[in-house]
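Enquirer: Numbering (this note's numbering), first residue to last: 6 to 372.
1) Note down, in chain order, each residue of its chain lying with its Cβ closer than 6 Å to the Cβ of residue 305, except the 5 sequence neighbours on either side.
2) Where are the beta strand (DSSP E) runs, 3 residues long or more, that stay fully inside the segment 134 to 194, in chain order?
3) Could you tell me the alpha carbon to alpha carbon distance between residue 373 and residue 123, rounded to whole angstroms?
4) For residue 117 and residue 231, I'd like the C-alpha separation in whole angstroms.
5) Quick check on residue 53: buried or exposed, where buried means 16 or more other Cβ atoms within 10 Å of its Cβ?
6) Could you tell me whether the Cβ of residue 126 comes closer than 9 Å to any Cβ of chain B?
7) Give every residue of the same chain whose Cβ lies closer than 8 Å to the Cβ of residue 150, excluding the five residues on either side of it in the sequence, and list them in chain order.
8) What do you get for residue 237, buried or exposed, if any count of 16 or more other CB atoms within 10 angstroms of its CB means buried?
9) If we require 3 or more residues per run, which beta strand (DSSP E) segments fall completely within the segment 291 to 363?
10) Taking DSSP as the reference, what is the three-state secondary structure of residue 367?
11) Using three-state DSSP, classify residue 128 as helix, strand or coil.
12) With distances taken Cα to Cα, identify the nearest neighbour of residue 324 among 331, 336 and 311.
13) Report the residue from 148, 164 and 43 whose alpha carbon sits nearest the alpha carbon of residue 154.
14) Under three-state DSSP, which class holds residue 114?
15) Taking DSSP as the reference, what is the three-state secondary structure of residue 28?
16) Evaluate residue 186 with the Cβ neighbour count: other Cβ atoms within 10 Å of its Cβ, from every protein chain shown; 16 or more gives buried, anything less gives exposed.
17) What span of residues does the beta strand (DSSP E) with residue 41 cover, start to end?
18) If distances are taken between C-alpha atoms only, which option among 85, 119, 120 and 260 comes closest to residue 106?
19) DSSP beta-bridge partners for residue 207?
20) Identify whether residue 49 lies in helix, strand or coil by the three-state DSSP scheme.
21) Alpha carbons only, please: which of 66, 279 and 319 is nearest the one belonging to residue 190?
22) Which one or two residues does DSSP pair with residue 91 in a beta bridge?
23) With 16 as the cutoff for other CB atoms within 10 Å, does residue 351 come out buried or exposed?
24) Pick out whichever of 224, 223 and 13 has its Cα sitting closest to the Cα of residue 25.
25) Below 8 Å, how does it come out for the segment 128 to 141 and the segment 40 to 50: are there three or more Cβ pairs, yes or no?
26) Can you tell me the Cα-Cα spacing of residue 227 and residue 239, whole angstroms?
Right, dumping it as structure tokens:
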């Protein structure tokens with residue numbers, strides 16, 4: 006049996022990296038491959054789920070203690086006799102695992118980029134992290150044998166361009182079970198009734214409340230929408246460090262009566278059905294899996310142009326500059342809903358890359 010050490014995973018419930026890693030695990034773990042996962046904190050539910058299929062969840066220190074993390078990963082590699090490592094990371098600062106793996110003689114060392122920026126609330130900390138990222142980026146690639154990214158842009162964030170533009174780099178899109186998100190009128194009416202939003206123009210966003218996702222600007226956009234569509238309502242699902250601050254701003258803009266803060270949800274597939282437009286004005290992304298899910302649900306999507314154009318898998322996905330006025334974004338949101346019935350989105354050929362059923366064969370090569 007081939008053994009792979011992958012990570013770093015969270016609780017398996019939130020975030021695009023977690024979703025991707027579990028898709029990867031489910032795609033390859035039945036083909037004579039055992040995948041164990043590194044985590045910074047054990048989630049008992051995830052641990053039980055993995056152990057039921059012969060995989061382990063192994064706790065290591067966070068990057069706040071890199072020396073301790075180094076020693077722990079080294080011990081895990083020595084005891085586990087792994088054939089390969091697969092590190093899914095968002096910044097080059099997360100280089101410790103790859104360094105250990107090379108020094109321990111692991112033959113296949115895969116690094117997969119999932120972001121396009123540093124997600125820090127503090128501008129000062131973000132400046133420091135950006136500096137450290139660019140320093141670590143100078144040598145990180147030397148510790149890998151295989152290079153992946155959820156998009157071309159994500160690859161260029163983590164690796165030298167000469168690698169990304171060569172045959173050594175491979176894009177592995179954030180695929181989803183597209184059929185699971187397919188538009189369903191019955192579910193739409195059911196969720197709208199549950200949330201008491203029948204007959205409303207529903208704008209939705211599912212994302213962590215953090216610097217990257219840019220909720221403050223999203224509220225400015227929605228405030229402009231309300232001026233033109235009094236029946237508009239905003240659905241916000243997620244949690245994070247900016248949650249209370251965003252709620253406070255909604256009150257200051259006097260739009261809190263038309264904004265539903267749903268908190269953390271595990272029924273994203275149902276929530277998409279209730280929406281009319283999906284709005285994601287992120288400051289940066291590797292490739293947002295929520296965008297793929299929303300388009301799979303037939304939703305028109307308005308995204309920031311800081312997001313790679315690879316995220317557009319239907320004709321109803323549009324990009325706007327974050328420098329544009331909120332009123333222009335509001336016009337685009339309203340127009341998107343008026344362009345045609347909800348279930349009318351047609352997939353382009355590239356959409357096949359985002360279908361998990363088609364992607365499983367590609368994932369099986371990443372072992």
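We put the beta carbon where it would ideally sit given N, CA and C, even for glycine.
Expert: Concretely, from the data shown:
1) Residue 305 sits at position 300 when you count from the first residue of the chain shown. Excluding positions up to five away in sequence, the list reads 282, 321 and 341.
2) 151 to 154 and 174 to 176
3) Residue 373 lies beyond the residue range present for the chain, which begins at 6 and ends at 372; the question has no answer from this structure.
4) As a position in the chain shown, residue 117 is number 112, starting the count at 1. As a position in the chain shown, residue 231 is number 226, starting the count at 1. Answer to the nearest angstrom: the Cα atoms are 41 Å apart.
5) Along the chain shown, one-based indexing puts residue 53 at 48. It counts as exposed.
6) Of the chains in the structure shown, none is chain B; there is only one protein chain.
7) Stepping through the chain shown from its first residue, residue 150 is reached at position 145. Contacts found: 112, 113, 114 and 115.
8) Taking the first residue of the chain shown as 1, we reach residue 237 at position 232. Buried, since its Cβ has 16 or more Cβ neighbours within 10 Å.
9) 306 to 309 and 322 to 325
10) Position 362 of the chain shown, counting from 1, holds the residue named residue 367. It is helical.
11) The count along the chain shown starts at 1 and reaches residue 128 at position 123. Reduced to three states, the DSSP call for residue 128 is helix.
12) In the chain shown, the residue the question calls residue 324 occupies position 319. The shortest C-alpha separation from residue 324 is found at 311.
13) For this step, residue 154 is matched to residue 149 along the chain shown. Nearest option by C-alpha distance: 164.
14) What you label residue 114 is simply residue 109 of the chain shown in a count that begins at 1. It is a strand residue.
15) As a position in the chain shown, residue 28 is number 23, starting the count at 1. Residue 28 falls in the helix class under three-state DSSP.
16) Taking the first residue of the chain shown as position 1, residue 186 is located at position 181. Residue 186 comes out buried.
17) What you label residue 41 is simply residue 36 of the chain shown in a count that begins at 1. Element bounds for residue 41: 38 to 44.
18) Locating residue 106 in the chain shown gives position 101, where the first residue counts as 1. Of the candidates 85, 119, 120 and 260, the one whose C-alpha sits nearest the C-alpha of residue 106 is 85.
19) The sequence position of residue 207 within the chain shown is 202, counting from 1. DSSP, once it has assigned bridges, lists 238 as partnering residue 207.
20) Taking the first residue of the chain shown as 1, we reach residue 49 at position 44. In the structure shown, residue 49 sits in a helix (DSSP, three-state: H, G or I).
21) In the chain shown, the residue the question calls residue 190 occupies position 185. Considering only alpha carbons, the answer is 279.
22) Taking the chain shown and counting its residues from 1, one reaches residue 91 at position 86. Answer by DSSP bridge pairing, in chain order: 11 and 115.
23) What you label residue 351 is simply residue 346 of the chain shown in a count that begins at 1. In this prediction, residue 351 has a pLDDT of 48, which is less than 50 and means its spatial position is unreliable; what the coordinates show is noted afterwards. Burial call: exposed.
24) As a working mapping, residue 25 is identified with position 20 in the chain shown. Among 224, 223 and 13, the Cα nearest to that of residue 25 belongs to 13.
25) no
26) Taking the chain shown and counting its residues from 1, the one referred to as residue 227 is at position 222. Taking the chain shown and counting its residues from 1, the one referred to as residue 239 is at position 234. Cα-Cα distance, rounded: 7 Å.
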